[in-house]
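Heads up: the structure comes next, in structure tokens.
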Amino acid sequence: MNIFDKLKGNKYSRFCFRIFINLLVVLNLVAIISYFDVFKRTDVISDFQPESGYCYTYVGYPFYQNFNWYKFNFNYKLLNLFISSDSMKNNYGSKMVVYENGIPLGPPHSQHIDIRESGMGSYSQWGSSIFLSTSDNSNPNTNNKKYSIQYPLTFPFPVFLVMFFILSGLLFRRKIARILSKKFK
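Just so you know, our numbering puts 41 at position 37 of the sequence shown, and the rest follows in order with no gaps.
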């Protein structure tokens, strides 16, 4: 007798089990849909820090700051699982778009040295920091232009895989139990 046989007799346990399976199905569907950049968030950003040359930095994500995640010991490393960024391994990992008065800046994924020396709207998202220059190489804090960012929120692939295998194991539990019982007789 295994745990799945024990659940057959208890109606409350079966009900909870079905809710759990349905929740996993919904989470898997959301994870799959998120890879098509369906869930996008747009935030207004301000208070840029001068870095060097034409480069200014903005650190953090506005929704992180607005919801006081720090009370729950939530950190940027966990947030970076859900928001892709440029990195040493993948220079084109970021899907973030920076807007100046509603017009996209660019080119994205620029080298930081190019942003510092040339400017002209180039930008790069690196972790939780955005390195950018304005389209006219002016100071974004004083040029009376509004800046915003738009980025997709996606499930990290390892989380999706874990949910998928748990769901598969639960949906095919009888077949798995049959195979294991034959193997270990």
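By construction, the Cβ of each residue, glycine as well, lies at the ideal position given by its N, Cα and C atoms.
- The Cβ atoms of residue 49 and residue 119 lie no closer than 8 Å to each other.
- The segment 126-139 makes no contact with the segment 29-46: fewer than 3 CB pairs, one atom from each, lie closer than 8 Å.
- Residue 39 is not a Cβ neighbour of residue 141, given a cutoff of 8 Å.
- Going by C-alpha positions, residue 155 is about 14 Å away from residue 96.
- Between residue 26 and residue 167 a beta carbon distance of about 13 Å is seen, past the 8 Å cut, so the two are scored as non-contacting.
- In the three-state DSSP reduction, residue 15 falls in the helix class (H, G or I).
- For residue 175, no beta strand (DSSP E) encloses it; the enclosing alpha helix (DSSP H) starts and ends at 161-175.
- Counting C-beta pairs with one atom in each stretch, the segment 101-116 and the segment 166-183 have fewer than three that are closer than 8 Å, which means they do not touch.
- Around the C-beta of residue 144, 16 or more other C-beta atoms lie within 10 Å, and the residue is accordingly described as buried.
- Put simply, the backbone Cα of residue 19 is about 37 Å away from that of residue 88.
- Residue 129 and residue 53 have their C-alpha atoms roughly 15 Å apart.
- Each of 36, 123 and 103 was checked against the Cα of residue 56, and the nearest Cα belongs to 123.
- For residue 49, no alpha helix (DSSP H) encloses it; the enclosing beta strand (DSSP E) starts and ends at 44-49.
- Sequence-distant Cβ neighbours of residue 35 in its own chain, meaning closer than 6 Å and more than five residues away, are 159 and 164.
- Rounded to whole angstroms, the separation of the alpha carbons of residue 62 and residue 132 is 8 Å.
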